[in-house]
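A.B. asks: Here's a structure for you.
Right, dumping it as structure tokens:
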């Protein structure tokens, strides 16, 4: 029987694992998927991300690092990898780590279904090629657009916005606009309502022609006050009273103008962004 | 024998597949991994990304959509999914699609190695929880920092920068700084060299104390001219002559001051960012 009183539980090395994310590219895919997989287990990890592993010398260094950790702890490090070169791959898989190929595990069954030979290419994801250069430029243009239309800086060219995000200061407009641009190539403008707007809050005339592009963000007054407090301690701006007034006014405006809105309190920028895409029927491009 | 003259090759439906990315969360992991896997096959895809599939009604709609596509084309749609709820998952896997569970495929072997039961939780990746709220706030702070220190706007608080990116206008400084913040929570400032600096180019005195944080970006003059041409057609700024001068001067400055630098011409923002992290020994956090 296991005594679960924390102080009595011996520190079990099985609950603490060393994890390697190894790739011949950026290792972003290995990291993202590896974390998704590992988050299902009640373990604490120490992670080592090793991108651009394209030659045998580098692979041998990493193999030695994996083996040294194993010798030290007697627990096999977990290894999530994606490597095209067979020689490089073999060096990693011959280590003492518990190795999982994150991409090939899904490729093999798919090969059967598709009935075609896979042709692995370097830098296939998160890389730049002639094929995707135009798409890539569109993505950079979207980032430029988000910066030029951040925080109501410019209300010009709103006809080029795919979406216009509205909300009070510090409710998540800027990170969301940037994420929509960076991850999905979506041109997002954003417009802030400030405390000066709060007496008789109206939708600005400049936004009215774009009613169908408007999306509102709201947040709990408590979380908003905490975020604002980080910026301006003990200010009226950060007071719970002020946050309550602003949120109430803005939510009323969203409802009155039939603007879709989302409470961001418990959502990450990825969740907010994908919910906006979903709700507004935006094209979700992949880069 | 196959005649490869394009107009004579019958359009083979096997080379064109419908693909679904389905998740009870943002579906970002499904998309990223699915694209990595599919990029190994010489096929053209039409993709449908369906996030936040958390209830049976929604799953049934999607199942019907998959089945309808199959009825129409007689080719099984490919389905990459990640769904915690067994009921919801079963509806999807009972469709006519060729279904692959992107996370569980790796969880099963890992379970053996770790010797613990997996405890799947909703919103495990790209979500917000009490556990990661502090980390999340650090990420938003990094985005604020990047914006406040974009394009040399402010040379104050550079002691808080994890890295300071240098380069000429339009070589990739801003998207890289934002990506470093967004994806890795790294505080990146960036500083532009302008055409006015080019006679007798020097490292600004304000940057000298931070020599160890400096990282340079360069780019081929041809690509730079093409990018600038999009911004200001037929300008001196966009001329190949001007681009050549600026790049030559800036590269000389990097070499003279022993500043590590990278040619970004053939690299995506993900690749540039991860190479900077690697080269500067920055902490790569995951969100």
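Residue numbers (our numbering), protein chains in the order written: chain A, 1 to 287; chain B, 288 to 574. Beta carbons: idealized from backbone N, C-alpha and C, even for Gly.
1. What number of angstroms, rounded off, separates the C-alpha of residue 430(B) from the C-alpha of residue 468(B)?
2. What three-state label does DSSP hand residue 167(A) in the structure shown?
3. Just to make sure I have the definition right: I need the residues of chain A whose C-beta is within less than 7 Å of the C-beta of residue 407(B). Which are they?
4. Locate the alpha helix (DSSP H) running through residue 560(B), then write down its first and last residues.
5. Suppose you measure from the CA of residue 377(B) to the CA of residue 369(B); what does that come to, to the nearest Å?
6. Taking DSSP as the reference, what is the three-state secondary structure of residue 303(B)?
7. Identify the continuous beta strand (DSSP E) that holds residue 333(B) and give its terminal residues.
8. Give, in chain order, every unbroken run of the alpha helix (DSSP H) that is at least 4 residues long and sits entirely within the segment 452-535 of chain B.
9. Using a C-beta cutoff of 8 Å, does residue 77(A) count as contacting chain B?
10. Drop a sphere of 10 angstroms on the beta-carbon of residue 560(B), count the other beta-carbons inside from all chains shown, and report buried for 16 or more, exposed for fewer.
11. Between residue 326(B) and the ligand MN, is there a pair consisting of the residue's CB and a ligand heavy atom that are separated by less than 7 Å?
12. Among the residues of its own chain, which have a CB less than 6 Å from the CB of residue 531(B), if the five just before and after it don't count?
13. Does residue 284(A) get closer than 8 Å to chain B when you measure Cβ to Cβ?
14. Look at the Cβ atom of residue 470(B), then the Cβ atom of residue 448(B), and state whether they are nearer than 8 Å.
15. Tell me whether the beta-carbon of residue 214(A) lies closer than 8 Å to the beta-carbon of residue 207(A).
16. In the DSSP output, what is residue 101(A) paired with across the bridge?
17. Quick one: which chain B residues come within Cβ less than 8 Å of residue 53(A)?
18. Could you tell me whether the Cβ of residue 220(A) comes closer than 8 Å to any Cβ of chain B?
19. Quick one: measure Cβ to Cβ for residue 445(B) and residue 451(B), integer angstroms, because I've assumed they're closer than 8 Å.
20. At a Cβ threshold of 8 Å, is residue 88(A) touching chain B?
21. Using 8 Å as the threshold, is the C-beta distance between residue 349(B) and residue 379(B) below it?
22. Could you name the residues of chain B that residue 126(A) contacts, counting a contact when the two beta carbons are closer than 8 Å?
23. Mind listing the chain A neighbours of residue 403(B)? Cutoff is C-beta to C-beta under 9 Å, in chain order.
24. Who are the near neighbours of residue 237(A) in its chain, counting only those whose CB is closer than 6 Å to its CB and skipping five residues on each side?
25. Check whether the Cβ of residue 549(B) lies closer than 8 Å to any Cβ atom in chain A.
26. Going by C-alpha distance, which of 341(B), 545(B) and 464(B) is nearest residue 439(B)?
27. Could you list the residues in the segment 131-143 of chain A with a C-beta less than 7 Å from some C-beta on chain B, going in chain order?
28. Going along the chain, which residues of the segment 174-196 of chain A sit with their C-beta nearer than 8 Å to a C-beta in chain B?
29. Does the separation of the CB atoms of residue 437(B) and residue 372(B) fall below 8 Å?
30. What would DSSP say about residue 4(A), mapped onto helix, strand or coil?
31. Taking only beta carbons into account, state which residues of the segment 514-533 of chain B come closer than 7 Å to chain A, listed in chain order.
32. Measuring only between beta-carbons, confirm whether residue 280(A) sits less than 8 Å from chain B.
33. Measuring CA to CA, which of 103(A), 128(A) and 133(A) is closest to residue 355(A)?
34. Who are the near neighbours of residue 285(A) in its chain, counting only those whose CB is closer than 6 Å to its CB and skipping five residues on each side?
35. Count the other C-beta atoms from every protein chain shown that fall within 10 angstroms of the C-beta of residue 289(B), then say buried if there are 16 or more, exposed otherwise.
36. Which residues, taken in chain order from the segment 378-394 of chain B, show a beta carbon closer than 8 Å to some beta carbon of chain A?
C.D. replies: Looking at the coordinates:
1. For the purposes of this step, residue 430(B) is taken as the residue at position 143 of the second chain. For the purposes of this step, residue 468(B) is taken as the residue at position 181 of the second chain. If I take the Cα positions, the gap works out to 5 Å.
2. Translated into positions along the first chain, residue 167(A) becomes position 167. In the three-state scheme derived from DSSP, where H, G and I count as helix and E and B as strand, residue 167(A) is classed as strand.
3. The sequence position of residue 407(B) within the second chain is 120, counting from 1. Simply 40.
4. To locate residue 560(B), count along the second chain from 1; it is residue 273. Judged by DSSP secondary structure, residue 560(B) falls within the alpha helix (DSSP H) whose first and last residues are 556-567.
5. Along the second chain, one-based indexing puts residue 377(B) at 90. Along the second chain, one-based indexing puts residue 369(B) at 82. Residue 377(B) and residue 369(B) have their C-alpha atoms some 12 Å from each other.
6. As a position in the second chain, residue 303(B) is number 16, starting the count at 1. It is a strand residue.
7. Taking the first residue of the second chain as 1, we reach residue 333(B) at position 46. Its beta strand (DSSP E) spans residues 331-337.
8. Entirely contained in the segment 452-535 of chain B, the alpha helix (DSSP H) runs reaching 4 residues are, in chain order, 460-471 and 508-518.
9. For the purposes of this step, residue 77(A) is taken as residue 77 along the first chain, with counting starting at 1. Residue-level contact check: residue 77(A) does not touch chain B, since none of the beta carbons of chain B fall below 8 Å from its beta carbon.
10. Mapped onto the second chain, residue 560(B) falls at position 273. It is buried - the Cβ of residue 560(B) has at least 16 other Cβ atoms within 10 Å.
11. What this structure holds is no ligand at all, so the ligand MN is not there to describe.
12. Within the second chain, the letter at position 244 stands for residue 531(B). Closer than 6 Å at the Cβ level, and outside the excluded window around residue 531(B), lie 508.
13. Position 284 of the first chain, counting from 1, holds the residue named residue 284(A). Between residue 284(A) and chain B, the shortest Cβ-Cβ separation is below 8 Å.
14. Your numbering for residue 470(B) matches position 183 in the second chain. Your numbering for residue 448(B) matches position 161 in the second chain. Taking 8 Å as the cut-off, the Cβ atoms of residue 470(B) and residue 448(B) do not count as close.
15. In the first chain, residue 214(A) corresponds to position 214, counting from 1. In the first chain, residue 207(A) corresponds to position 207, counting from 1. In this structure, residue 207(A) lies closer than 8 Å to residue 214(A) by Cβ.
16. Walking along the first chain from the start, residue 101(A) turns up at place 101. 81(A), per the DSSP bridge assignment.
17. Taking the first chain and counting its residues from 1, the one referred to as residue 53(A) is at position 53. Neighbours of residue 53(A) on chain B: none; closest Cβ ~11 Å, over 8 Å.
18. For the purposes of this step, residue 220(A) is taken as the residue at position 220 of the first chain. With its beta carbon at least 8 Å from every one in chain B, residue 220(A) lies outside the interface.
19. As a position in the second chain, residue 445(B) is number 158, starting the count at 1. As a position in the second chain, residue 451(B) is number 164, starting the count at 1. Going by Cβ atoms, the distance from residue 445(B) to residue 451(B) rounds to 6 Å, so yes, they are a contact pair.
20. Taking the first residue of the first chain as 1, we reach residue 88(A) at position 88. So, not an interface residue.
21. Indexing the second chain from 1 puts residue 349(B) at position 62. Indexing the second chain from 1 puts residue 379(B) at position 92. Yes, the pair counts as a contact, with Cβ atoms nearer than the cut-off.
22. Numbered from its first residue, the first chain carries residue 126(A) at position 126. Correct list: 555, 557 and 558.
23. As a first step, residue 403(B) is located in the second chain; it is residue number 116 there, counting from the start. Within chain A, the residues near residue 403(B) are 14, 15, 41, 42 and 43.
24. Here residue 237(A) corresponds to residue number 237 of the first chain, with the count starting at 1. Only 228 meet the Cβ criterion.
25. In the second chain, the residue the question calls residue 549(B) occupies position 262. Output row for residue 549(B): interface = no.
26. Indexing the second chain from 1 puts residue 439(B) at position 152. Nearest neighbour of residue 439(B) by Cα position, chosen from 341(B), 545(B) and 464(B), turns out to be 464(B).
27. Against chain B - using a Cβ distance shorter than 7 Å - the residues of the segment 131-143 of chain A are 136, 140 and 143.
28. When CB distances to chain B are screened at a threshold of 8 Å, the residues of the segment 174-196 of chain A falling below it are 174, 175, 178, 179, 182 and 183, in chain order.
29. Residue mapping note: residue 437(B) aligns to position 150 of the second chain, counting from 1. Residue mapping note: residue 372(B) aligns to position 85 of the second chain, counting from 1. Contact flag unset, no.
30. By one-based count along the first chain, residue 4(A) stands at place 4. Only weak support exists for where residue 4(A) lies, its pLDDT of 39 falling under 50; the coordinates are left without a value.
31. Within the segment 514-533 of chain B, no residue has a Cβ lying closer than 7 Å to any Cβ of chain A.
32. As a working note, residue 280(A) is residue 280 in the first chain. False, the Cβ-Cβ gap to chain B never drops below 8 Å.
33. Residue numbering for chain A in the displayed model covers 1 to 287; residue 355(A) lies beyond these limits and cannot be assessed.
34. For the purposes of this step, residue 285(A) is identified with residue 285 of the first chain, where counting begins at 1. Within the same chain, and ignoring the five residues on either side of residue 285(A) in sequence, the residues whose Cβ sits closer than 6 Å to its Cβ are 184 and 185.
35. As a position in the second chain, residue 289(B) is number 2, starting the count at 1. With a pLDDT of 38 at residue 289(B), under the threshold of 50, the modelled position of that residue is not reliable, and no figure is offered here.
36. Those residues of the segment 378-394 of chain B that come within reach of chain A (Cβ to Cβ, closer than 8 Å) are 385, 387, 389, 390, 392, 393 and 394.
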